[in-house]
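There are 2 protein chains.
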Amino acid sequence: MIKQAEISGWRQARRRSARDAIVEAAWALAREEGLAGLSLRELARQAGISPPTVYAYFDSKNAIYDAMFGAAATQFADRMAEPYQCEDPSELLVAAAMRFAEFCTSDLERYQLLFQRCVPGFEPSPQSYAPALRALAGARDVLALNGITDTRHVNLWTALITGLVSQQVANDPHGDRWTGLIEESVAMFLTHCQRAEGRRPVPAALPPEGALS
Amino acid sequence: MIKQAEISGWRQARRRSARDAIVEAAWALAREEGLAGLSLRELARQAGISPPTVYAYFDSKNAIYDAMFGAAATQFADRMAEPYQCEDPSELLVAAAMRFAEFCTSDLERYQLLFQRCVPGFEPSPQSYAPALRALAGARDVLALNGITDTRHVNLWTALITGLVSQQVANDPHGDRWTGLIEESVAMFLTHCQRAEGRRPVPAALPPEGALS
DNA sequence: GTCTATATCCAGATAGAC
DNA sequence: GTCTATCTGGATATAGAC
């Protein structure tokens, strides 16, 4: 015999997978037409449903953007958290920066939504943003492994790496005019910060994950 | 007696000033409603004309964006070219970076149009873009004064400074969490590049202004 | 939940008189 | 050059039958 709770579970799973299918179609469409050109009519057409049906799953267009953001942020956090082959802290920092750059340049629309924030009235909800905070915490950990804990230096790190990537994406989307500078940039950064922070030893335990931003 | 050429000159001047007035109104509106929210109806209303009259001066909405871009790019080049109070090359570099940051953070919409490029179907025409190239050439000159001529280092410079500014604008628009790092960043950059380029003496004559990009 | 049909609104752009 | 009036087409979102 089938219990009520199980039926409810099925329903929820079905509903979630239908939502996922719509989000998937939305991403496919956004990659073709650009993020701003996402229309609910086209989205419904590609997803094989009628336009009003979209509203059975999402309250508004921005709710769709939010789900797209959440999916992208999860991909981001997962990708950055995958194991690294190297062990030397400075190599780890280079590898993380390169992975970040590769993640960004491999899907420009995703990069735009996640990091550029140029969809008119849209801002991600805290839930959708949460995975991105995970990834940022990971970056802090890698910096800490290199003896870098000063907030100023963490900020400098984000500026340096996002600066390289944004120049790359904007001015040479399929080349490596800026991403090819990552290794040198990291060396410059490490030399500067480790000198400034007095080549502190790596702390035995990683710092707690408070105050991310 | 009035010559035909003078009348024609008047006409052109009148036309240009009418165009300028529309562009001015467009900027005022964009600062209120956001760049993407610029509508021709509202623009006409604020400029004191009817919507179709806009088309007597601009072929399309993108032509208006282009004129807005041109005006902003001119402001940018002019501001960056104003005389500096300091003479030491490294101080000059810091001053230029700070001036750039101040220019960007003092008008976020202008920054968005000039450097973020997130208006859907719009790309600036070469004419409108030209002043920005002038400013970039100026940056190269200041770098050259510091003995930095390697293209890689010029690219690193643009990435570093735009990275600081873009983080500032995106995450702390009215504070100085990243712009406050400019002085330290420039020191880091100079130490690195001058070491790498072997503390070359400043060339007697500035390099020619070819191959900007 | 899904559909057809439609409401409502606003955009950019044009026609043609004056 | 400027206007009134309008075209054309797009958008998000809703009503109500099934």
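Those sequence lines, one after another, are chains A and B. For the first sequence, counting from 1, position 102 maps to 424 in our numbering; every step adds exactly one. For the second sequence, counting from 1, position 190 maps to 512 in our numbering; every step adds exactly one. Quick reminder that beta carbons are idealized off the backbone N, C-alpha and C, glycines included.
Quiz prompt | Beta-carbon proximity list for residue 401 of chain B, same chain, < 6 Å, skipping 5 on both sides | solution = As a first step, residue 401 of chain B must be located in the second sequence, where it is residue number 79. Take residue 401 of chain B, set aside five residues on each side of it, and the residues of its chain with a beta-carbon closer than 6 Å to its own are 425, in chain order.
Quiz item: From the beta carbon of residue 477 of chain B, is the nearest beta carbon of chain A less than 9 Å away?
Solution: Working through the second sequence from its first residue, we reach residue 477 of chain B at position 155. So yes, residue 477 of chain B belongs to the interface.
Self-check item: Under the three-state DSSP convention, the category residue 429 of chain A falls into
Solution: Locating residue 429 of chain A in the first sequence gives position 107, where the first residue counts as 1. Coil at residue 429 of chain A, not helix or strand.
Exercise. Taking C-beta pairs closer than 7 Å, name the residues in chain A that residue 467 of chain B reaches, listed in chain order.
Key: On the second sequence, residue 467 of chain B is found 145 positions in, with the first residue counted as 1. Taking the beta carbon of residue 467 of chain B as reference, no residue of chain A falls within 7 Å; the closest one sits roughly 20 Å away.
Quiz item: How would you label residue 489 of chain A, buried or exposed, when you count the other beta carbons within 10 angstroms and need 16 or more for buried?
Solution: Counting from 1 along the first sequence, the entry for residue 489 of chain A is found at position 167. Per the 10 Å Cβ criterion, buried.
Practice problem: Please go through the same chain and pick out, in chain order, the residues whose beta-carbon is closer than 6 Å to the beta-carbon of residue 432 of chain B, but skip the five residues on each side of it. | Solution: Looking up residue 432 of chain B in the second sequence gives position 110. If you ignore the 5 residues before and after residue 432 of chain B, its C-beta comes within less than 6 Å of the C-beta of 394, all in its own chain and listed in chain order.
Self-check item: Alpha-carbon to alpha-carbon, residue 418 of chain A and residue 332 of chain A
Solution: Here residue 332 of chain A refers to the residue found at position 10 of the first sequence. Here residue 418 of chain A refers to the residue found at position 96 of the first sequence. Roughly 39 Å separates the two Cα atoms.
Exercise. Report back the beta-carbon spacing between residue 351 of chain A and residue 368 of chain A to the nearest angstrom; my notes put them in contact at under 8 Å.
Key: As a first step, residue 351 of chain A must be located in the first sequence, where it is residue number 29. As a first step, residue 368 of chain A must be located in the first sequence, where it is residue number 46. So it is a contact: roughly 6 Å between Cβ atoms.
Practice problem: Taking only the alpha-carbon atoms, compute the straight-line gap between residue 439 of chain B and residue 370 of chain B and give it to the nearest angstrom. | Solution: The sequence position of residue 439 of chain B within the second sequence is 117, counting from 1. The sequence position of residue 370 of chain B within the second sequence is 48, counting from 1. Going from the Cα of residue 439 of chain B to the Cα of residue 370 of chain B covers about 29 Å.
Quiz item: What residues of chain A sit near residue 507 of chain B, judged by a beta carbon separation below 7 Å?
Solution: The residue labelled residue 507 of chain B in the question sits at position 185 within the second sequence. Ordered by position in chain A, the residues that pass the 7 Å Cβ test against residue 507 of chain B are 478.
Exercise. Output, in chain order, the set of chain B residues within a Cβ distance shorter than 7 Å of residue 348 of chain A.
Key: Locating residue 348 of chain A in the first sequence gives position 26, counting from the first residue. Neighbourhood of residue 348 of chain A in chain B, by CB distance below 7 Å: empty, with the nearest CB roughly 17 Å away.
Quiz prompt | residue 535 of chain A - DSSP class collapsed to helix/strand/coil | solution = Indexing the first sequence from 1 puts residue 535 of chain A at position 213. Because the pLDDT at residue 535 of chain A is just 44, under 50, the model does not fix this residue reliably, and the point stays unresolved.
Quiz prompt | Interfacial residues, the segment 431-463 of chain B to chain A, with Cβ spacing under 7 Å | solution = Within the segment 431-463 of chain B, the qualifying residues are 438, 439, 440, 442.
Quiz prompt | Neighbourhood of residue 515 of chain B by C-beta distance below 7 Å, restricted to the same chain and skipping five residues each side | solution = Position 193 of the second sequence, counted from the start, is the residue given in the question as residue 515 of chain B. The answer, listed in chain order, is 470, 475.
Practice problem: Check whether the Cβ atoms of residue 512 of chain B and residue 477 of chain B sit closer than 9 Å, and answer yes or no. | Solution: Walking along the second sequence from the start, residue 512 of chain B turns up at place 190. Walking along the second sequence from the start, residue 477 of chain B turns up at place 155. Contact check for residue 512 of chain B against residue 477 of chain B fails: the beta carbons are separated by 9 Å or more.
Self-check item: residue 450 of chain B, enclosing alpha helix (DSSP H) - first and last residue
Solution: Counted from its first residue, the second sequence places residue 450 of chain B at position 128. Residue 450 of chain B -> alpha helix (DSSP H) spans 448-467.
Practice problem: For chain B, find out if any of its Cβ atoms is closer than 9 Å to the Cβ of residue 339 of chain A; answer yes or no. | Solution: To locate residue 339 of chain A, count along the first sequence from 1; it is residue 17. False, the Cβ-Cβ gap to chain B never drops below 9 Å.
Quiz item: Which of the residues in the segment 403-425 of chain A, read from start to end, lie with their CB under 9 Å from any CB of chain B?
Solution: Answer set for the segment 403-425 of chain A: empty.
Quiz item: Taking the Cβ atom as the reference point for each residue, do residue 456 of chain B and residue 389 of chain B lie within a distance shorter than 9 Å?
Solution: Against the second sequence, residue 456 of chain B aligns to sequence position 134. Against the second sequence, residue 389 of chain B aligns to sequence position 67. Residue 389 of chain B is positioned such that its CB atom lies no closer than 9 Å to that of residue 456 of chain B.
Practice problem: Mind listing the chain A neighbours of residue 484 of chain B? Cutoff is C-beta to C-beta under 8 Å, in chain order. | Solution: Position 162 of the second sequence, counted from the start, is the residue given in the question as residue 484 of chain B. Near residue 484 of chain B (Cβ distances below 8 Å), the residues of chain A are 485, 488, 489.
Quiz item: What is the rounded straight-line gap between the Cα of residue 267 of chain A and the Cα of residue 377 of chain B?
Solution: This structure leaves residue 267 of chain A out entirely; chain A is present only between 323 and 535.
Practice problem: Return the chain-ordered ranges of every alpha helix (DSSP H) run that is complete within the segment 331-400 of chain B and spans a minimum of 4 residues. | Solution: If we require 4 residues or more, the alpha helix (DSSP H) runs fully inside the segment 331-400 of chain B come out as 362-369, 373-379.
Quiz item: So, residue 485 of chain A versus residue 483 of chain B, is the Cβ gap smaller than 9 Å?
Solution: Translated into positions along the first sequence, residue 485 of chain A becomes position 163. Translated into positions along the second sequence, residue 483 of chain B becomes position 161. Cβ atoms of residue 485 of chain A and residue 483 of chain B: closer than 9 Å.
Exercise. Grab the span of the alpha helix (DSSP H) containing residue 515 of chain B for me, first residue to last.
Key: What you label residue 515 of chain B is simply residue 193 of the second sequence in a count that begins at 1. Where residue 515 of chain B is concerned, the enclosing alpha helix (DSSP H) stretches over 504-518.
Quiz item: For residue 487 of chain A, which residues from the same chain have a beta carbon less than 6 Å from its beta carbon, with the 5 sequence-adjacent residues on both sides left out?
Solution: As a first step, residue 487 of chain A is located in the first sequence; it is residue number 165 there, counting from the start. Counting only Cβ-Cβ distances below 6 Å, and skipping sequence neighbours, we find 423, 426.
Quiz item: residue 385 of chain B: which of B:448, B:408, B:465, B:506 sits nearest, CA to CA?
Solution: If you number the second sequence from 1, residue 385 of chain B lands on position 63. The option with the nearest alpha carbon to residue 385 of chain B is B:448.
Practice problem: Taking only beta-carbon positions, decide if residue 510 of chain A is within less than 9 Å of chain B. | Solution: Walking along the first sequence from the start, residue 510 of chain A turns up at place 188. Taking Cβ atoms only, chain B reaches closer than 9 Å to residue 510 of chain A, which makes this a yes.
Quiz item: Straight-line CA distance for residue 452 of chain A to residue 399 of chain A?
Solution: Position 130 of the first sequence holds residue 452 of chain A. Position 77 of the first sequence holds residue 399 of chain A. Their backbone Cα atoms lie some 9 Å apart in a straight line.
Quiz item: How about residue 502 of chain A: is its C-beta nearer than 9 Å to some C-beta of chain B?
Solution: Mapped onto the first sequence, residue 502 of chain A falls at position 180. Yes, residue 502 of chain A lies at the interface with chain B (some Cβ there is under 9 Å from its Cβ).
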